[in-house]
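Our numbering numbers the first residue of the sequence shown as 731 and each following residue consecutively. Just below is one structure, and these are the notes that go with it.
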Amino acid sequence: MQIRNHPPLHLTYCLNIHRGETWPENFRAIRDKALVVRDAVAAGQSFGLGLRLSAVAAAQLADETVLGEFRTFLGDQRLYAFTINGFPYGAFHGTPVKQDVYRPDWRAPERRDYTNQLADILSRLLPDGVMGSISTVPGSYRTWISGDEDVFGMAKHLAEAAWHCHRIAEARGREIVVALEPEPDCWVETTQETVTFLNDSVFRLGGAYLRSAHGLGAGAAEQILRRHLGACLDTVHAAVEFEDPSDCLRQYAAAGVRVPKVQLGCALGWTPSRDTVGRLRAFAESVYLHQVKVRDAHGGVTAYPDLPEALAAWEQGRGGAGDQWRVHFHIPLFAEPSAGLCSTGDLLGAAFARALAETAVPHLEIETYTFDVLPDELRGMDVTASIAAEYRWVLARLVDRG
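Right under this line is the structure:
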């Protein structure tokens, strides 16, 4: 739904909250779930969709007949698609995902080809005058990268994705931006790392590759890369890194890095206590990675790859008084966890609303894909009612203040 005209701002929720690895499953989620959310928060209005397509679903939707039927459905229901979550390539629900969510990474041509197919699909779905965004893996998982050859492989494939989006813009007049989504323990996990990787590796090495492969001048190559590659700010990931999302937006703007999409969510916080550790253990589940950052009283940060490892270290006596924990677990925006736990929602207040307006972010996407694995205390309503409540939270807290 378009919630601001000048500059344009579109709000959606990510359909990765619903199970589905094939296009028929994805379509049923739109028909049976997204329409319920629309009627609850935007009855009678055009309603934007944030698609999540696995590689299997993308290949199925790319069929001309299937895509045409979906376009007709969108028109009939006053729906429009403007962004795709292109992060998870394979299965994302009901099976252990953990580090596999990053496979294939940007070293692999399969990641480029999948992203290009998403861009082709999105270019056929975008309304006139609306830009498109595709969020993607932040390069790779950090421990998988072993040297310059890996870095060049990522830069080259990202440059080829940008070139593909450039060709779409020339042929169809549709502007699409592929946005790296920094995440804890990945090749880029902070705002500064993302800026450095884009400026020093992707725009430099990728620019050289485009100049060689397509006979471009230096200025033209860089212009294509900066137009079609950027960063997706996930406010949960930023909070886990103890970053302020408002500062992140301004850092990207100062560095000339586009932010086509902000994913809205709250991370889980904990102040260590023997009395409340049991409540935190309820969030240690087997499907997703829940990276943990622990900041001590002196500002030092200790990282753990998953919540069980962090809890085991705490049980062994590591850590101290005054520690603050941030856990990569997407909890609903409106949630108020029980005593001992907290939400990072305070980071998404008036200052963040101003930063969104100042930096002209065009897309907002509510993302709470962990709904099915939330402890019962935070899953007290149907998924569509929970999503609708998140919309109302955003509209009241960010849009009215922006």
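The beta carbon of each residue, even a glycine, is placed where N, CA and C say it ideally should be.
Suppose only complete runs of 3+ residues qualify. What are the beta strand (DSSP E) ranges in the region 833 to 917, listed by chain order?
You should have 862 to 866, 906 to 910.
According to the neighbour-count rule (16 or more other Cβ atoms, all chains shown, within 10 Å of its Cβ), is Q775 buried or exposed?
Locating residue 775 in the sequence shown gives position 45, counting from the first residue. Q775 is exposed by the Cβ-count criterion.
Distance check for W1044 and I760, CA to CA, integer angstroms please.
Here residue 760 is taken as the residue at index 30 of the sequence shown, counted from 1. Here residue 1044 is taken as the residue at index 314 of the sequence shown, counted from 1. Cα to Cα, I760 sits roughly 42 Å from W1044.
Buried or exposed, going by whether 16 or more other CB atoms sit within 10 Å of the CB of D930?
Your numbering for residue 930 matches position 200 in the sequence shown. When all chains shown are included, D930 counts as exposed.
Can you list, in chain order, the residues of its chain with a C-beta nearer than 6 Å to that of H740? Leave out the 5 residues immediately preceding and following it.
Against the sequence shown, residue 740 aligns to sequence position 10. So the list reads Q732, G778, F812, H1093, once near-sequence residues are dropped.
In angstroms with no decimal places, state the Cα-to-Cα distance between F927 and L856.
Within the sequence shown, residue 927 is the residue found at index 197, counting from 1. Within the sequence shown, residue 856 is the residue found at index 126, counting from 1. Distance between the alpha carbons of F927 and L856 is about 29 Å.
If you draw a straight line from the C-alpha of I1061 to the C-alpha of G1110, how long is it?
Counting from one through the sequence shown, the residue named residue 1061 turns up at place 331. Counting from one through the sequence shown, the residue named residue 1110 turns up at place 380. Using only the alpha carbons, I get a separation of about 12 Å.
Got a sec, what are the start and stop residues for the alpha helix (DSSP H) S976 sits in?
Residue mapping note: residue 976 aligns to position 246 of the sequence shown, counting from 1. Element bounds for S976: 975 to 985.
Taking 8 Å as the threshold (C-beta atoms), are P839 and Y819 in contact?
Within the sequence shown, numbered from 1, the residue matching residue 819 stands at position 89. Within the sequence shown, numbered from 1, the residue matching residue 839 stands at position 109. No.
Near E1097, which residues of its chain fall below 6 Å by C-beta distance, leaving aside the five closest residues on each side in sequence?
Numbered from 1 along the sequence shown, position 367 holds the residue referred to as residue 1097. Same-chain partners within the cutoff: C744, Q993, G995.
I need the DSSP call for Y819, collapsed to helix, strand or coil.
Residue 819 sits at position 89 when you count from the first residue of the sequence shown. Coil.
Please classify A1014: does DSSP put it in a helix, a strand, or coil?
By 1-based counting over the sequence shown, the position of residue 1014 is 284. A1014: coil per DSSP, three-state reduction.
Check V1129 in the structure and name its three-state DSSP category.
As a first step, residue 1129 must be located in the sequence shown, where it is residue number 399. It is helical.
In its own chain, which residues sit with a C-beta less than 6 Å from the C-beta of V1091, not counting the 5 before and 5 after it?
Here residue 1091 refers to the residue found at position 361 when the sequence shown is read from its first residue. The residues are V989, V992.
For D974, which residues in the same chain have their Cβ closer than 7 Å to its Cβ, ignoring the five residues on either side in sequence?
Indexing the sequence shown from 1 puts residue 974 at position 244. Correct list, in chain order: L1077.
Applying the criterion that 16 or more other CB atoms from any shown protein chain within 10 Å of the CB defines a buried residue, is V1031 buried or exposed?
Locating residue 1031 in the sequence shown gives position 301, where the first residue counts as 1. It is exposed - the Cβ of V1031 has fewer than 16 other Cβ atoms within 10 Å.
Assuming I1117 is part of the alpha helix (DSSP H), what are its boundary residues?
The count along the sequence shown starts at 1 and reaches residue 1117 at position 387. Unbroken alpha helix (DSSP H) run through I1117: 1113 to 1124.
Judging by CA-CA distance, which residue of G960, C962, A961, Y939 is the nearest neighbour of A951?
As a first step, residue 951 must be located in the sequence shown, where it is residue number 221. Closest option to A951, Cα to Cα, is Y939.
Excluding the five sequence neighbours on either side, which residues of its own chain have a C-beta within less than 6 Å of the C-beta of A892, listed in chain order?
Here residue 892 is taken as the residue at index 162 of the sequence shown, counted from 1. I954, L955, H958, L959.
Can you tell me the Cα-Cα spacing of E1039 and S865, whole angstroms?
Working through the sequence shown from its first residue, we reach residue 1039 at position 309. Working through the sequence shown from its first residue, we reach residue 865 at position 135. Cα to Cα, the separation comes out at about 28 Å.
With a floor of 3 residues, list each beta strand (DSSP E) that falls wholly inside the region 989 to 1057, ordered by position along the chain.
Here the runs fully enclosed are 996 to 1000, 1022 to 1025, 1031 to 1034.
Going straight from the alpha carbon of V970 to that of T795, what length do you get?
On the sequence shown, residue 970 is found 240 positions in, with the first residue counted as 1. On the sequence shown, residue 795 is found 65 positions in, with the first residue counted as 1. About 43 Å.
Could you tell me the distance, in whole angstroms, from the CA atom of A770 to the CA atom of E879?
Counting from 1 along the sequence shown, the entry for residue 770 is found at position 40. Counting from 1 along the sequence shown, the entry for residue 879 is found at position 149. Their backbone Cα atoms lie some 50 Å apart in a straight line.
Can you say whether P826 is buried or exposed, counting buried as having 16 or more other CB atoms within 10 angstroms of its CB?
Taking the first residue of the sequence shown as position 1, residue 826 is located at position 96. Counting Cβ neighbours within 10 Å, P826 comes out exposed, since fewer than 16 surround it.
For the beta strand (DSSP E) that A961 lies in, which residues bound it at each end?
Locating residue 961 in the sequence shown gives position 231, where the first residue counts as 1. That run of the beta strand (DSSP E) goes 959 to 964.
Starting from W1073 and walking both ways along the alpha helix (DSSP H), at which residues does that stretch end?
Looking up residue 1073 in the sequence shown gives position 343. Reading off the sequence, residue 1073 comes out as Ser, not Trp. Counting along the chain, S1073 falls outside any alpha helix (DSSP H), though it belongs to the beta strand (DSSP E) covering 1071 to 1073.
Indicate whether the contact test is met: 3 or more Cβ pairs, each with one atom in the region 796 to 807 and one in the region 885 to 904, closer than 8 Å.
Touching, no, given that fewer than three Cβ pairs across the two stretches are closer than 8 Å.
DSSP three-state call for A811: helix, strand or coil?
If you number the sequence shown from 1, residue 811 lands on position 81. If DSSP states are grouped into helix, strand and coil, A811 belongs with the strands.
Just curious, the beta strand (DSSP E) that E1095 is in, first and last residue?
In the sequence shown, residue 1095 corresponds to position 365, counting from 1. Here the beta strand (DSSP E) through E1095 covers 1093 to 1096.
Nearest CA to the CA of W874: which residue from L852, C916, S853, Q807?
As a working note, residue 874 is residue 144 in the sequence shown. Cα-wise, what sits closest to W874 is C916.
G937 lies in the alpha helix (DSSP H); which residues open and close that run?
Counted from its first residue, the sequence shown places residue 937 at position 207. Note, G937: alpha helix (DSSP H), 937 to 944.
Is Q732 helix, strand or coil by DSSP?
As a first step, residue 732 must be located in the sequence shown, where it is residue number 2. Correct three-state label for Q732: strand.
Hey, which unbroken runs of the beta strand (DSSP E) at 3 residues or more fall wholly within the region 756 to 813?
Whole beta strand (DSSP E) segments, 3+ residues: 777 to 782.
Specify the secondary structure class of H748 as computed by DSSP and reduced to three states.
Taking the first residue of the sequence shown as 1, we reach residue 748 at position 18. Looking at H748 - three-state DSSP - the assignment turns out to be coil, as it is neither helix nor strand.
Check the DSSP bridge columns for H740 and list the partner residues they point to.
Here the question's residue 740 lines up with position 10 in the sequence shown. According to DSSP, H740 bridges with Q732, H1093.
What did DSSP end up calling F1059 once you bin it into helix, strand or coil?
Looking up residue 1059 in the sequence shown gives position 329. Residue state, collapsed to three classes: strand.
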